[in-house]
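Numbering (this note's numbering), first residue to last: 347 to 549. Since the structure comes first, as structure tokens, the remarks are kept for the end.
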């Protein structure tokens with residue numbers, strides 16, 4: 347499994363391209379902007395995008411999803427709670443296309459040798475999810491290195507956020523943590539040093 351981080355947009359959202367190196371099939375997680383940069387990476391490395399996986403519905407994580415879908419034919423996945431069709435919140439501008447698919451807690455998306463398991467992690471938004479693939483957790487805006495996602499926007503809830511952090515920290519073993527913004531980390535580090543994770547585990 348090869349993981350490429352492409353920061354995109356004014357908020358420097360981390361878009362991730364996760365590739366099965368045997369087949370060169372890949373999934374793109376949170377293409378928030380700059381579709382040309384993402385497509386250039388796919389083309390230059392001869393990758394085939396099979397799925398576009400959204401961790402939540404905010405514009406800085408969904409902004410390039412449609413243009414990427416149109417160029418690659420990939421299926422877009424998201425939690426129905428953050429779809430514009432199912433929410434009156436202005437912060438969720440994205441509407442899943444007709445051939446898109448909803449996913450939720452316990453679901454999985456398989457692409458060649460890659461298996462993305464969906465963990466519901468609401469708090470930053472109602473429909474926020476974390477994607478587990480091998481030893482990697484793609485946490486969107488739920489868990490950051492040393493911090494967590496804000497909960498003061500529509501659909502945010504601090505109690506749910508702490509429950510979600512506790513769910514992640516309770517996973518057995520260790521994982522590489524790939525957040526929606528800023529640097530990557532490890533789950534063991536966040537259990538030890540992240541104030542919000544420690545608060546969540548000690549509630």
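Where is the CB? At the ideal position from N, CA and C, for every residue including glycine. Keep in mind the model is a prediction, meaning the values are calculated, not measured.
Next item on the list: Report, in whole angstroms, the separation of the C-beta atoms of residue 372 and residue 393, which I expect to be a contact under 8 Å.
Entry: 5 Å
Margin query: Quick check on the DSSP output: what are the complete beta strand (DSSP E) runs of length 3 or more inside the stretch 386–461, in order along the chain?
Written below: 394–399, 421–424, 454–457
Next item on the list: Consult DSSP for residue 498 and reduce its assignment to one of helix, strand or coil.
Entry: coil
Margin query: Considering only their Cβ atoms, is the gap separating residue 358 from residue 470 smaller than 8 Å?
Written below: no
Notebook entry, point to check: Skipping 5 residues on each side, what residues in its chain have a beta carbon closer than 7 Å to that of residue 480?
Noted result: 347
Margin query: Let me check understanding here. Comparing Cα to Cα, which of 472, 356, 391, 379 lies closest to residue 364?
Written below: 391
Next item on the list: May I ask you to list the residues that DSSP assigns as paired with residue 360?
Entry: 353
Next item on the list: Reducing DSSP to helix, strand and coil, say where residue 530 ends up.
Entry: coil
Notebook entry, point to check: Just how far apart, CA to CA, sit residue 387 and residue 549?
Noted result: 43 Å
Check: When the Cα of residue 404 is compared with those of 510, 514, 499, which residue comes out closest?
Finding: 499
Next item on the list: Note down the Cα distance separating residue 488 from residue 465, rounded to an integer number of angstroms.
Entry: 11 Å
Check: If you check the beta carbons only, do residue 523 and residue 483 fall under 8 Å apart?
Finding: yes
Checklist line | Run of the beta strand (DSSP E) containing residue 483, from where it starts to where it stops | finding: 482–486
Margin query: Along the chain, where does the alpha helix (DSSP H) containing residue 549 start, and where does it finish?
Written below: Counting along the chain, residue 549 falls outside any alpha helix (DSSP H), and DSSP gives it neither H nor E.
Checklist line | Of the listed residues 406, 439, 378, 395, nearest to residue 421 (C-alpha basis) | finding: 395
Note to self: With distance defined between alpha-carbon atoms, name the residue in 412, 460, 445, 369 nearest to residue 377.
What the structure shows: 412
Notebook entry, point to check: Do you know offhand how far residue 416's Cα is from residue 410's?
Noted result: 10 Å
Notebook entry, point to check: What is the C-beta distance between residue 354 and residue 389, in whole angstroms, given that I count them as a contact (C-beta under 8 Å)?
Noted result: That pair is no contact at about 16 Å.
Checklist line | Cα-Cα separation between residue 510 and residue 414, rounded to whole angstroms | finding: 30 Å
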